[in-house]
Structures are given as structure tokens and as C-alpha cells.
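In the UniProt record's numbering, the protein residues as written are 1 to 147.
(1) Among residues of its own chain, excluding the 5 on either side of residue 92, which ones have a beta-carbon nearer than 8 Å to its beta-carbon?
(2) With contact counted as at least three CB pairs below 8 Å, one residue from each stretch, are the region 39-55 and the region 114-133 in contact?
(3) What are the boundary residues of the alpha helix (DSSP H) that includes residue 66?
(4) Alpha carbon to alpha carbon, what distance is there between residue 26 and residue 15?
(5) Check for me: the beta strand (DSSP E) holding residue 91 runs from which residue to which?
(6) Would a C-beta distance cut-off of 8 Å place residue 124 and residue 114 closer than the cut-off?
(7) In or out: residue 20 buried (at least 16 other Cβ within 10 Å) or exposed?
(8) If you count every other CB in all the chains shown that lies within 10 Å of the CB of residue 135, and 16 or more means buried, which is it?
(9) Express the C-alpha separation of residue 100 and residue 77 in angstroms, rounding to a whole number.
(10) Suppose the cutoff is 7 Å on Cβ atoms and the five residues either side in sequence are ignored; what does the same chain contact list for residue 73 look like?
(11) Answer with buried or exposed for residue 90, where buried requires no fewer than 16 other C-beta atoms within 10 angstroms of its C-beta.
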């Protein structure tokens, strides 16, 4: 004997599946942008010395969903990119890279995303732990003191 399926549950599970797939896409989608990331601290420090800018260290991981959301909402935004390029030398640091363990230990990085603003000598000016919104990030950039 066949039981009758309830339309509510069919609709519920279909909606659940669609919302789950959308959220997974939203969490991991990062559009391409014109942001030029440095991945070498030595060259970033030389560039900061010659340009008079500070350095922004963005500690991230491939698996980090909040990092990807920040990359999409902040680093993909034209106004934020202009402010970043005017004030700092951006350096993206993959926390899973064994070559950066000493750097992560030096700046006491325990979570991702973590954004650390330093001067050309490596002294911390400001930092933000966790996902930061676009408005808050632009406010941090605005309050940075140039050397």
C-alpha cells in the first residue's frame, strides 16, 4: 500500500536544499578584482619604505569562509580598493603555509581572518580580529597615521 506524500514536506525540503546551496555559494564565492596582493614581507617592507605607506597584513586560509566574504565585500569594492591602495601595501598571508609560522607567531595570530596594520619597521599600528564590515574597515583605514 502506497502512502500519500505531504506537499508541505516536499516544499520544505526543496526550499531547504535551495537555501543551503545558495548559502554555500555565497560563503565561498569571491569575484575577481584588481587588488594586487604582495606575498613577500621583505619586498612589501622595501615598497613601504620607498612609498611612505604602511603595510596591511591579511591573515587568511583557503578554508576560511569569513575571509572569502571579506574579500568579496571589502577587497572587491572599488572605493575600498582605492583607499587601500592609497594608504597601505596589502600583503595576503595564507596561515596554512609552513613558511609563515614564525610571522603568525610574531603577531600572535590565533584566528582568521585577522588584519594587522604595521609600519615599514614591523611595529603594529592597528589590528582587527575576525570578519570586519566594509564601513568599519574604511574607518580603520581613515584613522591610520601615515609615517
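Note that the Cβ used here is the ideal one computed from N, Cα and C, for glycine as well. Remember, it's a predicted structure, so these values are computed and weren't measured experimentally.
Reading it off the structure:
(1) 37, 38, 39, 58, 60
(2) yes
(3) 65-73
(4) 16 Å
(5) 88-94
(6) no
(7) exposed
(8) exposed
(9) 28 Å
(10) 134
(11) buried
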